[in-house]
Amino acid sequence: MRNILITSISLVLAIIFACLTDLWTGLFYFSLSIITGLCLYWAVIFILRYREDYYFNFKEDFRFYKIQLVNSSNLTIEDIDKNEKYYIKKFKKTLIRDKIVDIFKILLALVFAIICVVAMAKGYTI
22 MRNILITSIS LVLAIIFACL TDLWTGLFYF SLSIITGLCL YWAVIFILRY
72 REDYYFNFKE DFRFYKIQLV NSSNLTIEDI DKNEKYYIKK FKKTLIRDKI
122 VDIFKILLAL VFAIICVVAM AKGYTI
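22 is the number of the first residue of the sequence shown in this note's numbering; add one for each residue after it.
Printed below as a string of structure tokens:
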């Protein structure tokens, strides 16, 4: 809820400042600053979620993976526990696609922030 509130308020302020650039062109920089701050905010949120999902919750997610394996195949928990290293490696391979998507989210937010900073440095206006 907090993320939605921060994002919506930031976007409304950025749009208002962008629309008011006819009064003073400096308001465009306020708009770009707000968008840069919003992009950096989301990059931090995505980084924290990434760390939580793939480092702090790994054991719990692996436990659910083992349960899913037992339910979908003829394996037992004892079989999985005997070759736990193999199944951990197999589980990490299933996480690669999700990790790549999350890394691209982080990079996209950072790229938008860099684009806004470059636009402010170059002095582009609407």
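All residues carry an ideal CB built from backbone N, CA and C; glycine is no exception.
Coil, strand or helix - residue i by DSSP
i	result
TRP63	helix
LEU44	coil
MET22	coil
TYR145	coil
For residue j and residue i, the rounded distance between their alpha carbons
i	j	result
ASP123	LYS114	15 Å
PHE112	ILE101	12 Å
ALA35	THR42	11 Å
ARG23	LYS126	19 Å
PHE77	TYR145	43 Å
ALA39	MET141	13 Å
PHE83	LEU69	20 Å
GLU73	PHE51	33 Å
LEU129	TYR108	32 Å
PHE85	ILE25	30 Å
LYS87	LYS103	12 Å
* Is the number of C-beta pairs between the region 49-69 and the region 95-106 that are closer than 8 Å three or more? -> Contact annotation: the region 49-69 does not touch the region 95-106, with fewer than three C-beta pairs closer than 8 Å.
* Asked: Quick one: any contact between the region 44-56 and the region 86-94, if contact means 3 or more CB pairs under 8 Å?
  -> The region 44-56 and the region 86-94 do not touch, with fewer than 3 CB-CB distances between them shorter than 8 Å.
* Within the region 93-121, ranges of the beta strand (DSSP E) (whole runs, at least 3 residues) -> Counting only unbroken stretches of 3 or more residues, no beta strand (DSSP E) element lies wholly within the region 93-121.
* Asked: Three or more C-beta pairs closer than 8 Å, one from the region 132-146 and one from the region 111-119: is that the case here?
  -> Flag = no, the region 132-146 and the region 111-119 do not touch.
* To do: Please determine if the region 22-31 and the region 53-61 are in contact, where contact requires at least 3 C-beta pairs separated by less than 8 Å.
  => Because the criterion of three Cβ pairs below 8 Å is met, the region 22-31 and the region 53-61 touch.
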